[in-house]
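Protein chains in written order, with our numbering: chain E, 4 to 309; chain S, 488 to 757. Okay, so here's the structure we're looking at.
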Amino acid sequence: MREGRTRLSRPLRTAAAAALIAAAAAGCGFGEGEASSGTATLVVTRDHGDERLLEASVSDPPRSETVVRLLDREAEIETSFGGNFVDSIDGLGASSGPEGRRDWFFYVNGYWSPIGAAEAGVEAGDRIWWDYRLWEEAYRVPVVVGSWPAPFATEPGPVSVECHGIAGCSTVKRRLQTAGAELAAAGDSVAVRVVVGPWDQIEDDADAGTLAGGPGSSGVYVDDRADGALFALGEDGEPAPGAPQLDGLVAAVRRGERPPAWVVTGITRRGLRLAASSLDAGALADRYALAVGRDGSRFGLPVVKG
Amino acid sequence: MVGPAAVAMAFANPLVLAGCAVAVLIAGSGAGAAAALRHAAGGALVLAALIVAINGLVVRRGETVLLRGGEVPLLGELDVTAEALAEGAVIGVRIAVVIAAFAVISARVDPDYLLRSIRRFAGRSALTATLLVRLVPLAVADLGRLREAAQLRGPGATPVTRLAMLRRLVSGTLDRAVDSAATLEVRGYGRPAVRLGRDARPGRRRFDRHFTVAAIALAAVAAAARAGGVGGFDAYPSTTAEIDAATVAFALAIPALVGVPFLAAGSRSV
Numbered sequence: 004m005r006e007g008r009t010r011l012s013r014p015l016r017t018a019a020a021a022a023l024i025a026a027a028a029a030g031c032g033f034g035e036g037e038a039s040s041g042t043a044t045l046v047v048t049r050d051h052g053d054e055r056l057l058e059a060s061v062s063d064p065p066r067s068e069t070v071v072r073l074l075d076r077e078a079e080i081e082t083s084f085g086g087n088f089v090d091s092i093d094g095l096g097a098s099s100g101p102e103g104r105r106d107w108f109f110y111v112n113g114y115w116s117p118i119g120a121a122e123a124g125v126e127a128g129d130r131i132w133w134d135y136r137l138w139e140e141a142y143r144v145p146v147v148v149g150s151w152p153a154p155f156a157t158e159p160g161p162v163s164v165e166c167h168g169i170a171g172c173s174t175v176k177r178r179l180q181t182a183g184a185e186l187a188a189a190g191d192s193v194a195v196r197v198v199v200g201p202w203d204q205i206e207d208d209a210d211a212g213t214l215a216g217g218p219g220s221s222g223v224y225v226d227d228r229a230d231g232a233l234f235a236l237g238e239d240g241e242p243a244p245g246a247p248q249l250d251g252l253v254a255a256v257r258r259g260e261r262p263p264a265w266v267v268t269g270i271t272r273r274g275l276r277l278a279a280s281s282l283d284a285g286a287l288a289d290r291y292a293l294a295v296g297r298d299g300s301r302f303g304l305p306v307v308k309g
Numbered sequence: 488m489v490g491p492a493a494v495a496m497a498f499a500n501p502l503v504l505a506g507c508a509v510a511v512l513i514a515g516s517g518a519g520a521a522a523a524l525r526h527a528a529g530g531a532l533v534l535a536a537l538i539v540a541i542n543g544l545v546v547r548r549g550e551t552v553l554l555r556g557g558e559v560p561l562l563g564e565l566d567v568t569a570e571a572l573a574e575g576a577v578i579g580v581r582i583a584v585v586i587a588a589f590a591v592i593s594a595r596v597d598p599d600y601l602l603r604s605i606r607r608f609a610g611r612s613a614l615t616a617t618l619l620v621r622l623v624p625l626a627v628a629d630l631g632r633l634r635e636a637a638q639l640r641g642p643g644a645t646p647v648t649r650l651a652m653l654r655r656l657v658s659g660t661l662d663r664a665v666d667s668a669a670t671l672e673v674r675g676y677g678r679p680a681v682r683l684g685r686d687a688r689p690g691r692r693r694f695d696r697h698f699t700v701a702a703i704a705l706a707a708v709a710a711a712a713r714a715g716g717v718g719g720f721d722a723y724p725s726t727t728a729e730i731d732a733a734t735v736a737f738a739l740a741i742p743a744l745v746g747v748p749f750l751a752a753g754s755r756s757v
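In structure tokens:
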């Protein structure tokens, strides 16, 4: 043996090689792999869900199914980074205009994906949502309500419902259970929090309180005033002219890597009850957050100029 | 030769690429550059194979999953699809055609003649290109000689840093550039142009016109094919390639247009 060099003993070399082979072989296989039973859906929208561009589904997706493969079958796309970054869908790509910069974002079961489209797998029951939107006011929108009943139907783990008062509480619980959520018992660690109550009673909650910071803080296009009222914002982050005064709100927030929190609230009891009864696919579909006006109307947030 | 290379970069259809490859082979053989082609082919094929392998490992698009490679550190989930391999093959063939084309150009094209040809309508550009063509290879040769000289000083000598090497190289090149400028000045470059009589102009080679017409025809055919959507190819989500009459005709036209001037010339130099 030359001075200054060391060699592994033969048994160590054999063990190292076996470990490398085993690591490489883990998860390997030929072909598409086993299929999961059920349907995954794909929705493509623009302008914070204001306009639906495409809707598709795949039955029994195989193990190798990814978000980019599903999208590639349904639309003309251009990608980079090996398919991980989608540059354009059906000719619509990153742009910069007088209103600001737009680009594509995608959500899996209501969660903004932290990984690229080529790495994000698709299983039965998943809801994939691509949205082309302005992003300068809120680049990071970690969770959205528009994939209902996801995440409650898809996320393993119990859901805690924290009620501040009676109004709307039983409605929320019933709707969550119908969606497939397992309600948590006291002391359980939870996958999702749901905070229900009048705004003036929950605004100090750590998660719900982020709504007061505006879209840059919470990802939700709503802001509060000194008098405790909430008002709707447009895509530019400014108060939306002509929008009804807010009376109720269904929104989702997430602080860092903590479990997400859904907020069902209202300025009045009526607003809170209307917000609670909005927990269904018809009202929440393609919404980042849902607002209920004083006039009882429901509209998505941010308010998109017509 | 630039024509088939340019067409190969503009089209991804396998038939069209095959036509470009055949065109390069015809031109290379016709120009007496078969040895240069053989020399370039080995490296080009190895490079093409590498591109196929890398594209297959890195790109995760494509419907036909051949192999699921599991989670690999730094690379993430590895899937190898037939479509990614096909795209890699297209890229590899393109690069191989370009390498082969420029191998023929390098072996057989007289750069001085080429520059004289464009001097009439782009004199300064021709001069700049001439100087580059002359000085860059000389600089590369100088670098080789400087390295040899440094090595011959023996292991005991102080190592020559890259900065010192670069400084010597640049000063030598600048000296040559000054000498070239002085020579040009003596030869009257920069004075008002003198119109030459017809008999005094540099002579053309006999079959330049044939090759020029063929090159223009190839460019026109390629532009028409592009505008007409001929020779389509999509790697994803499933690989599809047009193999209709128009694409076949285009693919056959490429080697035909390249080969005809050689038939007319029967010449072994361009």
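All C-beta atoms in this analysis are idealised placements derived from N, C-alpha and C, irrespective of residue type, glycine included.
Within its own chain, the residues whose Cβ lies closer than 8 angstroms to the Cβ of M652 (chain S), once the five positions on either side in sequence are excluded, are L630, L633, R634, A637, listed in chain order. DSSP places R66 (chain E) outside both helix and strand once states are collapsed to three, so it counts as coil.
The beta carbon of A184 (chain E) lies closer than 7 angstroms to those of F155, V162 in the same chain, with the five residues before and after it left out.
The C-beta distance from A59 (chain E) to V125 (chain E) rounds to 12 angstroms, too long to meet the 8 angstroms contact threshold. In the three-state reduction of the DSSP assignment, G96 (chain E) falls in the strand class.
When secondary structure is reduced to three states using DSSP, V577 (chain S) falls in the helix class.
The beta carbon of G556 (chain S) is closer than 6 angstroms to those of L565 in its chain, skipping five residues each way along the sequence.
CA-CA distance, L249 (chain E) to A235 (chain E), rounds to 7 angstroms. Between L252 (chain E) and A278 (chain E), the CB-CB gap stays under 7 angstroms. Between the alpha carbons of A97 (chain E) and G103 (chain E) lies a gap of roughly 11 angstroms. According to the DSSP assignment, A535 (chain S) belongs to the alpha helix (DSSP H) that extends over 521-545. Our two residues, L502 (chain S) and V735 (chain S), have alpha carbons roughly 7 angstroms apart in a direct line.
Distance from the Cα of L572 (chain S) is smallest, within the candidate group S:V559, S:G543, S:I578, for S:G543.
By the rule that beta-carbons nearer than 7 angstroms mark a contact, V533 (chain S) does not touch chain E. In the assembly as shown, R261 (chain E) is an exposed residue. Its beta-carbon has fewer than 16 other beta-carbons within 10 Å. Using beta-carbon distances, D666 (chain S) does not count as an interface residue toward chain E, since no partner is under 7 angstroms. For E729 (chain S), no CB of chain E lies under 7 angstroms from its own CB, so it is not counted at the interface with that chain. The alpha-carbon separation between H167 (chain E) and V46 (chain E) amounts to approximately 34 angstroms.
Assigned with DSSP and collapsed to three states, S593 (chain S) falls in helix. Closest in alpha carbon position to R272 (chain E), among E:V146, E:C172, E:L293, is E:C172. Under the three-state reduction of DSSP output, G490 (chain S) falls in the helix class. A Cβ-Cβ contact shorter than 7 angstroms links D226 (chain E) with G217 (chain E). Look at T157 (chain E) here: in three-state DSSP terms it is coil, with no helix or strand label. In the three-state reduction of the DSSP assignment, G200 (chain E) falls in the strand class.
In the structure shown, the three-state DSSP call for A43 (chain E) is strand. Per DSSP, E37 (chain E) lies in no beta strand (DSSP E) segment and is marked neither H nor E.
In the three-state scheme derived from DSSP, where H, G and I count as helix and E and B as strand, T271 (chain E) is classed as coil. Those residues of the stretch 535-565 of chain S placed with their C-beta closer than 8 angstroms to a C-beta in chain E are V545, V546, R547, R548, G549, E550, V552, L553, L554, R555, G556, G557, E558, V559, G563, E564, ordered along the chain. Shortest Cα-Cα distance from I131 (chain E) to any of E:G119, E:Y142, E:E140 involves E:G119.
Straight through space, the alpha carbons of E729 (chain S) and G85 (chain E) are spaced by roughly 24 angstroms. G103 (chain E): member of the beta strand (DSSP E) spanning 103-111, first to last residue. Assignment of alpha helix (DSSP H) within the stretch 201-276 of chain E, counting only whole runs of 4 or more residues, yields 202-205, 218-221 in chain order. In terms of beta-carbon proximity, F33 (chain E) lines the interface with chain S, with at least one pair separated by less than 7 angstroms. Membership of F749 (chain S) in the alpha helix (DSSP H) is indicated by the continuous run 732-752. Around the beta carbon of L233 (chain E), 16 or more other beta carbons lie within 10 angstroms, which makes this residue buried.
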